Amino acid sequence: MKDALKIFVVMILVLFAESSWAGETAMQQEINQLKQRLEELEKKNSDQASESSESDASKSLLDRISFAGIIAGAYQYEDAGGRPEAEDFGRGALPVQAEVGINPTEADEVFFKFGFASGNGLNTENHSFALAPWAADLEDDVKDINGRNRDYLLTAWYKHTFTFSEENSLGLTGGIIDATDYLDENAYANDEFTQFMNEALVNGPHAFLPSYDLGGAMEWEAGGFAVKGVVMQIGENDDGNAYHFYGAQMGYTIETPLGEGTYRILYNQTSDDFCDPGGEDKESLKAGLISFDQALGEILGAWIRFGWSDDKALVCFQDLYSGGINISGKLWGREQDNIGVGYGRLRGGNDEIDTTQVAEVYARFALNEVFAVTLDLQHLDDEYKAEAGDDIDGWISGIRLTAEF
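Read in order, the letters of the sequence shown correspond to residues -22 to -1, 1 to 383 in mature numbering (1 follows the signal peptide of the UniProt record, and there is no 0).
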């Protein structure tokens, strides 16, 4: 009996051992399968993280490159009187400008601007007035720029900004630059694509600001103060001579109860490479200018631009007195619209013009975030010196359609 009991206990232990061994084997298989699944999941997550990292790096690179541009088409009609040879005619033009900006770091920028155009509008030999009715860069303006045998590339520069504090920075730029990007700005009268069209109400014609040539610029901003300087080497002037340009501007921006205003004083000078009235000697050009733009509440804004120059070299205009107002579309419930009214009087230099006056009014209507249409009307009056011929006056009406992207 005892032997039988022993045999029975041994058999139970053997069966339990086999069962335990089989259970451990099955459990081990399950553990191995679980490990395999975890490894596959980790690999999948790793691949996804790698792809996400590559995508983020690619996205970060694209974020550092920006594209912008404008397409502007305009048609103007000139109705001039006072001289038998004066013609009434209308013409259009289509300039296109494209910009590429690259920011390798927050302090560095590389910038390119390209300009293309079809047609010269009213800026032809048939144009009766001394001032250009549209200050845009048209077909002839974007070819053989400044006698450099360079077409379509308007600017190409590198800029580095030193930031000393939140309100104190210094920017240095070098390359192919445009002096009007730094000097003689104005919030209401400085953009031939969206504001006034006549050149006398975009920049001061007497100030001879050059564009699209080799040079450097300095921009120092400290609080509301801003000091800017430009040095350029121009390939060719109207006399066929290369020359140097130097310009300096000081400005102050202030917040008033009526709104923001900026006040500026500007001085420009060139090297002695411009012919005098007799064509015998070479002289430099010198000009000074004061300007401001001031908001007068949410609806109105006002601006002036006064300037003077010497007349040792041959100059068409010696002095400029211009100003105007801006009316925001908030007045009629369309904030993106505006109306501009401007007037300019230019005293002639030592050439044929005695006095030129221009008055311009435009109404710009934003169709959406991209397109806008402008209706424009100008009145011009050129008074000539007695020995230079009859005076001439007339009207220029126009329409301008722009697409900004």
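The beta carbon of each residue, even a glycine, is placed where N, CA and C say it ideally should be.
Being a predicted model, the structure only gives us computed values, none of them experimental.
Pairwise C-alpha distance: residue j and residue i
{"i": "SER189", "j": "ALA157", "result": "6 Å"}
{"i": "GLU144", "j": "ALA200", "result": "9 Å"}
{"i": "ASP369", "j": "GLU63", "result": "12 Å"}
{"i": "THR83", "j": "GLU77", "result": "19 Å"}
{"i": "TYR362", "j": "LEU292", "result": "16 Å"}
{"i": "TRP310", "j": "GLY193", "result": "45 Å"}
{"i": "THR141", "j": "ASP86", "result": "11 Å"}
{"i": "LEU263", "j": "ILE331", "result": "18 Å"}
{"i": "GLY302", "j": "TYR321", "result": "6 Å"}
{"i": "PRO183", "j": "ALA108", "result": "11 Å"}
{"i": "ILE48", "j": "GLY279", "result": "25 Å"}
{"i": "ASN124", "j": "GLN211", "result": "10 Å"}
{"i": "PRO73", "j": "GLY266", "result": "31 Å"}
{"i": "ASP41", "j": "PHE383", "result": "16 Å"}
{"i": "THR102", "j": "ASP115", "result": "13 Å"}
{"i": "LEU150", "j": "HIS138", "result": "6 Å"}
{"i": "ASN98", "j": "ASN146", "result": "43 Å"}
{"i": "SER96", "j": "VAL348", "result": "21 Å"}
{"i": "ALA46", "j": "PHE67", "result": "34 Å"}
{"i": "HIS105", "j": "SER38", "result": "51 Å"}
{"i": "LEU132", "j": "TYR160", "result": "15 Å"}
{"i": "MET228", "j": "TYR241", "result": "8 Å"}
{"i": "ARG312", "j": "GLY153", "result": "40 Å"}
{"i": "PHE284", "j": "VAL351", "result": "29 Å"}
{"i": "LEU274", "j": "VAL209", "result": "35 Å"}
{"i": "ASP256", "j": "ASP329", "result": "Note that residue 256 is Gly in the sequence shown, not Asp. Each residue's alpha carbon lies about 11 Å from the other."}
{"i": "LEU236", "j": "VAL120", "result": "41 Å"}
{"i": "GLN14", "j": "ASN346", "result": "58 Å"}
Distance between beta carbons of residue j and residue i, contact taken as under 8 Å
{"i": "MET196", "j": "ALA113", "result": "Actually they are not in contact, since the Cβ atoms of MET196 and ALA113 sit about 26 Å apart, beyond 8 Å."}
{"i": "PHE270", "j": "TRP281", "result": "7 Å"}
{"i": "residue 412", "j": "LEU244", "result": "For residue 412 there is no data in the structure shown, the boundaries of the chain being -22 and 383."}
{"i": "THR380", "j": "PHE92", "result": "The Cβ separation is near 17 Å, so there is no contact."}
{"i": "ALA178", "j": "SER300", "result": "6 Å"}
{"i": "ASP129", "j": "ASP122", "result": "7 Å"}
{"i": "ARG126", "j": "LEU100", "result": "With 8 Å as the limit, ARG126 and LEU100 do not qualify as a contact, their Cβ atoms being about 26 Å apart."}
Spatial neighbours of residue i in its chain, beta-carbon cut-off 7 Å, leaving aside the 5 residues before and after
{"i": "ASP315", "result": "GLY307, ARG342, PHE343, ALA344"}
{"i": "GLU276", "result": "SER306, LYS308"}
{"i": "PHE217", "result": "Reading the sequence as shown, one finds Asp at residue 217 and not Phe. If we look at ASP217 and ignore the five residues flanking it on each side, its Cβ neighbours are PHE252, CYS253."}
{"i": "GLU365", "result": "none"}
{"i": "GLY327", "result": "ASP289, VAL293, CYS294, PHE295, GLN296"}
{"i": "GLN173", "result": "TYR166, ALA167, GLY318"}
{"i": "ILE232", "result": "GLY202, GLY239"}
{"i": "ALA134", "result": "PHE90, GLY153, ILE154"}
Cutoff 6 Å; reference residue i; Cβ partners in own chain excluding five residues on either side
{"i": "VAL88", "result": "ILE80, TYR136"}
{"i": "TRP198", "result": "LEU148, VAL205"}
{"i": "ASP371", "result": "GLY60, ASP359"}
{"i": "ILE374", "result": "GLN54, GLU56, PRO111, GLN356"}
{"i": "GLU65", "result": "ASN104"}
{"i": "THR334", "result": "ALA108, LEU324, ASP360"}
Bridge partners - residue i, DSSP secondary structure assignment
{"i": "ILE282", "result": "PHE270, GLY301"}
{"i": "ASP73", "result": "A small fix is needed here, since residue 73 is Pro in this sequence, not Asp. For PRO73, which the question treats as bridged, DSSP gives the partners ALA95."}
{"i": "SER375", "result": "TYR55, LEU355"}
{"i": "GLU258", "result": "Paired residue(s): none; GLU258 is not in a bridge."}
{"i": "HIS138", "result": "ASP86, LEU150"}
{"i": "GLY237", "result": "THR234"}
{"i": "LEU131", "result": "PHE92"}
{"i": "SER306", "result": "ASN316"}
{"i": "LEU324", "result": "LEU298, THR334"}
{"i": "residue 385", "result": "Because the chain is modelled from -22 through 383, residue 385 falls outside the range shown and cannot be assessed."}
{"i": "TRP112", "result": "BP columns for TRP112 are empty, so no partner."}
{"i": "ASP191", "result": "ILE155"}
{"i": "THR380", "result": "ALA50, ALA350"}
{"i": "residue 387", "result": "Here the chain covers residues -22 to 383 and nothing more, so residue 387 does not appear."}
Candidates the options: closest to residue i by CA position
{"i": "residue 400", "options": "ASP254, LEU187, PHE252, TRP286", "result": "It is not possible to answer for residue 400, since the shown part of the chain is limited to -22 through 383."}
{"i": "PHE94", "options": "HIS105, LEU100, ALA71", "result": "ALA71"}
{"i": "GLY239", "options": "GLN272, ASP254, TYR221", "result": "GLN272"}
{"i": "ARG323", "options": "PRO235, ALA366, LEU298", "result": "LEU298"}
{"i": "GLY202", "options": "THR234, ALA185, GLU177", "result": "THR234"}
{"i": "PHE186", "options": "HIS222, GLY153, ASN104", "result": "HIS222"}
{"i": "THR248", "options": "THR352, GLY257, LEU131, GLU214", "result": "GLU214"}
{"i": "GLN75", "options": "ALA58, GLY51, GLU65", "result": "GLY51"}
{"i": "ASP354", "options": "THR334, GLY376, GLN335", "result": "GLY376"}
{"i": "ALA43", "options": "PHE90, ARG69, ALA58", "result": "One point to set straight first is that residue 43 is Ile, not Ala, in the sequence displayed. Among PHE90, ARG69, ALA58, the Cα nearest to that of ILE43 is on PHE90."}
{"i": "GLY225", "options": "ILE232, ASN246, THR334", "result": "ASN246"}
{"i": "residue 416", "options": "ASN304, ASP329, GLY367", "result": "Any answer about residue 416 is impossible in this case: the structure gives the chain only from -22 up to 383."}
{"i": "GLY207", "options": "ASN181, TYR340, ASN219, ILE155", "result": "ILE155"}
{"i": "ARG378", "options": "ASN346, GLY367, TYR340", "result": "TYR340"}
{"i": "ASP259", "options": "ASN219, TYR230, ASN181, LEU236", "result": "ASN219"}
{"i": "VAL336", "options": "ASP169, GLN14, VAL180", "result": "VAL180"}
Contact set for residue i: own chain, Cβ-Cβ below 8 Å, skip 5 residues either direction
{"i": "GLU261", "result": "ASP250, PHE252, CYS253, ASP254, LYS290, ALA291"}
{"i": "GLY367", "result": "ARG61, GLU330"}
Short CB-CB distance (under 7 Å) between residue i and chain D
{"i": "PHE383", "result": "Of the protein chains in this structure there is only one, and it is not chain D."}
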